[in-house]
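Q: The following block contains the structure, expressed as C-alpha cells.
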Amino acid sequence: MTGGGEQPRPQPRGRKSWAVLARVALAETPRRRADLAAELFGETDDPLGALRWTLADVRRSLGRSDLFRGDPIELHRNEFQLDVWDLDAGTLEAGEIGGELLDGVDVRDCPEFDMWLMLARMHCAQRSRDELRNQALRLLAFGDTTAAVPIAERVASLEPMDESAQELFLRALVAAGRTGVAKAHLAACEGMFASAGLRVSPAMRSAAEEQVRRSLTGRRAGAVAESLLRAGTTALDAGAADAGVETLRHAEDDAARSDDPGLRATVQLALGSALVHAVRGSDGEGAIVLHRALLAARAAGRLDLVAEALRELAYVDVQAGRHGSAALSLSEAEDVAETIGDDGVVAAVLAIHGMNEADCGRHLSAIELLSSSAEKAAATGRSRQHAWSLGLLSRSLLLAGRTHDAEVASAASLLGAQEQRWTAFQPFPQAMHAECLFVAGRYEDARNEAELAFALGCEVGDPCWEGVAARTLGLLAEHAGDDDAAWEWFLDARRRCDRVSDRYVWISAYIGAAQLELAARVDPALVRSLAAKLQDDAIRTDLPEFLSWSLVHQIDPDDPRTLAAARATSRSVDNPALHARIAAVSGL
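All residue numbers for the sequence shown refer to numbering that gives the first Met the number 0, where the first residue is 0 and numbers rise by one.
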C-alpha cells in the first residue's frame, strides 16, 4: 500500500481498520457510514463512534487527513496504489500475484461482512489465476518460453483439475523444448483425472506433442502465405474445418518468414479465430495464436486487426467465465474501435461486451450494449453480426422479464440466420425463440421450435446449442407433467454441453439451474448436492446469477446467514424471477 508514489505507508493497527479499507476500496459504489457501521460494528454500544475511530486509523496509515470525511465514503483509484486494484487492472506482475485477500484478518460477529469477504476473496483468487494465465500467454506469444513456463506451472498447480490450465502448461513446456517433461506431466494428469472418473481431452494430448510443420520453400514467403490464407478461408467457409485450419497453419509458417507484420497478423487472426470457432476443444491453442496476432497487429499499426484480436480474446474469456480478463480486453478494443471510427468494428466489440455483462447477470447493461450493437451492425450491412447480437439480446430480455421483446428479438435473429444460411449459429436463436414461446404459454409452437433447434444443433455438432435446445425440451416435458422425461432431458443436455472442455460455461450452468429447480419440486434429497455443484461451478466461472440461484436453494430458516448470502450475491443481478424468489423465501 503506497500513496502518490511514496514509500510504503504504515500499516493499519487493527483488524477492523483493514476490513474498512478493503470494504471501501473494493465497493462498486460509495458506502454509507450507517451501513458500514452496522456491518462491522453492530455489536458495539456506539457503532458510528467505533467507525470514526477506525477511519482515523486508516487516514493515519494512508497519510491523508482529508480522506473519509463525508458521507457516503469512497476511495478513488487514482490517489493510491493498492495491489488488489492493480490485480483488477491487470497490471500486477506475476511475482506479486498470490496470497489471500485480508489474509489472517478475522473479524468476528459480522456475518454480512463475512459474506462479502468470502465473495471478494473468490473474485481475487479468480483474477489471480486469470492474470497468471494471461501473462503466460503473452510470454508464449512473444517467444519468451523461459519466463512463460514457471508462470504456466503456477496456473496448473492452482487448478489441477482444470484442463485449460494443464493444457497451457503442456504447451509452454513443448514450446520451451521440454517435450519429455510435457509427456511425463500428461501421464500424471491422466492418472489424476482417471482417479476422478475423467479422461483427458484430445486437446491436452495434442498439447504435449511437438508440432512439426513443413513450410514451402523456394518461393516468396509472403505470396505463398497469402495464397494459403485464401485457400484456408475458403475451406472453412465450405465447412471443412480440419483442412482449413491445417492450411492456415502452413500460411502462418510462411507469413512468419515474411517481413510483413500486417500479413502475419492477418493470417494469425484467421487461424486463431478458426481454432476458437470452428474446431471444438482448441480454445487454448487459439488463444496463443490470437496473442501472436495481437503482437503483430500492433507492430504493423493495424488498429482494425488489434480491435479484432482483442475482441476474439475477450470472446474466449467470456466463454470460459473469465469475465474480468474479458472486460480488460474489451475496454481496450472499444477504445481502438472508436479511434478507427468504423461502426461495424464497434458493433462487433459491443456484442461481446454485452455478452460479458449478461453472463455476469447485468442484463440491463447487456440490453443496452447489444441493442446498440445490433443497430450499428444493421446500419453497416453486417447481417451476421446483426443476427448474432439480436440472439444474445433476446436472452437478456427474457431473463430481465421482457418476454414479448425477447420473442421479437429471437425471431428476428432466427430469420437473419436463416437468410444468411448461417446454420452454425441458427440453433441458438431458435432455442431462445422456443423458450420465449414456452414462457408465453404457446407450448406446441415452443415444442416445434425446440425440436428443430435440437435437430440442427446435433447436425452441426455444437455441444452448447444441443444443450440449450435440450434444456427447453426438458422444460416442456416438465410442464406436460412428465417429470421423468424432463429429468432425462436435463441430464442429456448437461452431458452434451459438457462433453468438450471449452464449452460455454454460462449455458452449462443454465442447464444446471433448470435441473436444480426440477429436483427441488420432485426429489428434495438431490437438492443439496445439485445446489452445491451449481454453487461450485458458478464460483469457479464467475456467474453471480447462478451463484444466487444455488444459494436460494440452500437457505436455512434457522441460519440467517444463508438468506444474507443469497441477497448479497443477487444485488447486481437483473433478474426479477430471482428477486421474487428471494422475497418469497424471506417472507417479504
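Think of the CB as a built atom: it goes at the ideal place given N, C-alpha and C, for glycine as much as any other residue.
Remember, it's a predicted structure, so these values are computed and weren't measured experimentally.
1) What number of angstroms, rounded off, separates the C-alpha of A146 from the C-alpha of A88?
2) Just to confirm before moving on: does the CB-CB distance between L369 and L391 stay below 8 Å?
3) According to the neighbour-count rule (16 or more other Cβ atoms, all chains shown, within 10 Å of its Cβ), is Q125 buried or exposed?
4) Does the segment 321 to 340 come within contact of the segment 348 to 362, defined as at least 3 CB pairs closer than 8 Å?
5) To the nearest angstrom, report how far apart G415 and E99 are at their CA atoms.
6) For I72, list the residues DSSP reports as bridge partners.
7) Taking the DSSP output, what are the residues bridged to D483?
8) For A430 versus V467, is the C-beta distance shorter than 8 Å?
9) From the DSSP output, in three-state form, read off D253 for me.
10) Kindly list the residues whose CB is nearer than 6 Å to the CB of G271, restricted to its own chain and excluding five residues on each side of it in sequence; keep chain order.
11) I'd like the ranges of any alpha helix (DSSP H) spanning at least 4 consecutive residues and lying wholly in the segment 503 to 580.
12) Considering only residues of the same chain and omitting the five flanking positions on each side of A476, which have a CB-CB separation below 7 Å?
13) I need the DSSP call for I366, collapsed to helix, strand or coil.
14) Determine the closest residue to A559 out of S585, S571, N574, with distance taken between C-alpha atoms.
15) Looking at T53: is its Cβ nearer than 8 Å to the Cβ of V23?
16) Is it right to say S156 is buried, meaning 16 or more other beta carbons lie within 10 angstroms of its own, or is it exposed?
17) Let me know if T28 comes out buried or exposed under the rule of 16 or more other beta-carbons within 10 Å of its beta-carbon.
18) Would you report the Cα separation of A222 and A336, rounded to the nearest angstrom?
19) As an exercise, report each continuous alpha helix (DSSP H) stretch of at least 4 residues that is fully enclosed by the segment 443 to 481, in chain order.
20) Could you check whether L118 and A567 sit closer than 8 Å to each other, using their CB atoms as the reference points?
21) If you reduce the DSSP assignment to three classes, tell me which class S127 lands in.
22) Output yes or no for whether 8 Å exceeds the beta carbon distance between L309 and T338.
23) Taking only runs that begin and end inside the segment 314 to 346, name each unbroken beta strand (DSSP E) of 3 or more residues, in chain order.
24) Looking at R68 and the ligand FMN, is the gap between the Cβ and the nearest heavy atom below 7 Å?
25) Candidates C109, L138, D102: which alpha carbon is nearest M121's?
26) Going by other Cβ atoms of all chains shown within 10 Å of its Cβ, with 16 needed for buried, is Q210 buried or exposed?
27) So within the segment 179 to 255, which uninterrupted alpha helix (DSSP H) runs reach at least 4 residues, ignoring any that extend past its ends?
28) Do A171 and G283 have their beta-carbon atoms positioned less than 8 Å apart in this structure?
29) Take the Cβ of D501 as the centre, count every other Cβ of all protein chains shown within 10 Å, and call the residue buried at 16 or more, exposed below.
30) Using C-beta distances below 8 Å, list every residue in its chain close to T216, excluding the 5 sequence neighbours before and after it, in chain order.
31) Give the single residue among A531, A164, A140 whose Cα lies nearest to the Cα of A295.
32) Is V104 helix, strand or coil by DSSP?
33) Which ranges would you report for the alpha helix (DSSP H) in the segment 255 to 283 if only whole runs of at least 4 residues count?
34) Assess contact between the segment 343 to 354 and the segment 363 to 380, defined as three or more Cβ pairs (one per stretch) separated by less than 8 Å. Is contact present?
A: In short:
1) 21 Å
2) yes
3) buried
4) yes
5) 48 Å
6) R30
7) Answer is none; D483 lacks a bridge partner.
8) yes
9) helix
10) G285, V288, L289, A292
11) 504 to 521, 526 to 539, 543 to 551, 559 to 569
12) A484, A485, W488
13) helix
14) Residue identity check: residue 559 is Pro in the sequence provided, not Ala. With distances taken between Cα atoms, P559 lies closest to S585.
15) no
16) exposed
17) exposed
18) 29 Å
19) 462 to 478
20) yes
21) helix
22) no
23) none
24) The ligand FMN is absent from the structure shown, which contains no ligands of any kind.
25) D102
26) exposed
27) 201 to 206, 220 to 236, 240 to 255
28) no
29) buried
30) Annotation note: pLDDT 49 at T216 (below 50); position unreliable, no value reported.
31) A140
32) coil
33) 260 to 276
34) yes
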